[in-house]
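Remarks on the structure that follows.
Residue numbers (our numbering), protein chains in the order written: chain A, 198 to 558; chain B, 10 to 96.
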């Protein structure tokens, strides 16, 4: 049986690319997406080759692993050094913290395990008497799973190191940074499945910024780019849903309720950007016993200085393409990464290195 | 990391479903889903949880949206000031 959502069709891709060329402004415009999955689709399918010269598409802070501060990674390592089992999504393992990673901590004898879901951490906790910590990274798409685990009767030896982030405040923050010059946002499809088009209203209010929610098939991305360019041509700035098969305007109320029952918004540090108000989550009082930071007091950690030549802060804020960095592909490669964007499989540098990025153009 | 994949529901038991990704079968938890599902439905699955029900017709509807946009833009080029879409 053919898959009903596999939307590969060269004829339609050509039609959408033609529409993009007709809609494109004469002046250069910079569109920014905030999703590693978008960057993989754009780069792997060579979609930038289909765009007019005036239209540039850059990745912003779209890789949850890349924006997780080194202090959070160091916290996870220190917890593991106290004998707890630390469960993490695999992407996180090689990201450098304070000169070391979860992977190097594992090599040094810590018990660090890779999981594919929060549920797996629960199963690991049920099978041992040792303390088990789930390192909870990810955006709004992933946070409801952590909430679901918190709401069930979690084993007493399970705690959660919260590092979830919320995307709309980061989008707003990019607009306030000098030198970003953003003409429109391609909003992440699966974050939007949870928060809906409505989830961007507060952050984008009074911003006069075109926003189009896009899916992940190549045609979805071309369609969303065309919708963005049409808004720009028509002088409009609305939140438009270009992925209605997976996104409802109000989002997923059940997942939103899970989030509201367990978390409240909190300031969060974003690697490359800094601390943004209400861009992370913390546990509500009745779930504090699950907070790994309380259970394992590892002390206050401050961000360590990054390598000055590394342009990850500019890549994460859509002010540079990976190829703008002098370290890209020379001193910084996936085998010996300098910055987080080369480590996370959704980091722009890692994706460009794997798929030849702009060099394929 | 926000990767989510459409999968077909094979069976449902309480808050867990067995789903099929083009031949690969696994389980998905349903607490994060906004509506009940039955075998034959499609769900978008992220990190072991279903986050959205989808119907097989949604793929066709999506292709129609693409075609409408492409047609309306090429009409505009030929001198029609309206792009033919409801605003």
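The beta carbon of each residue, even a glycine, is placed where N, CA and C say it ideally should be.
Around residue 339(A), the beta-carbon contacts reaching into chain B at under 8 Å are 10, 11, 55, 56.
When the beta-carbon positions are compared, residue 515(A) and residue 371(A) come within less than 8 Å of each other.
Judged by DSSP secondary structure, residue 358(A) falls within the beta strand (DSSP E) whose first and last residues are 355-361. For residue 67(B), the nearest beta carbon of chain A is closer than 8 Å to its own beta carbon. The beta carbons of residue 356(A) and residue 330(A) sit closer together than 8 Å.
In the structure shown, the three-state DSSP call for residue 59(B) is strand.
Nearest Cα to residue 429(A) within the set 208(A), 446(A), 252(A), 237(A): 252(A).
Taking every protein chain shown into account, the CB of residue 476(A) has 16 or more other CB atoms within 10 angstroms, so this residue is buried. In this model, residue 364(A) and residue 231(A) are separated by some 8 Å (Cα to Cα). Rounded to whole angstroms, the separation of the alpha carbons of residue 495(A) and residue 326(A) is 21 Å. Checking the DSSP bridge columns, you'll see residue 37(B) partnered with 26(B). Judged by their CB atoms, residue 335(A) and residue 63(B) are not nearer to each other than the 8 Å cut-off. Cβ neighbours of residue 487(A) within its own chain (closer than 8 Å, five residues either side excluded): 347, 351, 355, 356, 357, 480. Between residue 259(A) and residue 224(A), the gap from beta carbon to beta carbon reaches 8 Å or more. If you look at residue 285(A), you'll find it in the beta strand (DSSP E) that goes 282-286.
Minimum Cα-Cα distance from residue 15(B) among the listed residues 31(B), 77(B), 24(B) corresponds to 31(B).
A Cβ of chain B is located within less than 8 Å of the beta carbon of residue 233(A). In this structure, DSSP gives residue 51(B) an extended state, which the three-state scheme calls strand. Taking C-beta atoms as the reference points, residue 276(A) and residue 290(A) fail to come closer than 8 Å. The residue from 49(B), 72(B), 55(B) with its alpha-carbon nearest to that of residue 390(A) is 55(B). Scanning its chain for C-beta atoms nearer than 6 Å, with the 5 sequence neighbours on each side dropped, one finds around residue 552(A) the residues 240, 241, in chain order. Inside the stretch 212-293 of chain A, DSSP marks whole alpha helix (DSSP H) runs of 4 or more residues at positions 233-241, 261-264, 267-278, from first to last along the chain.
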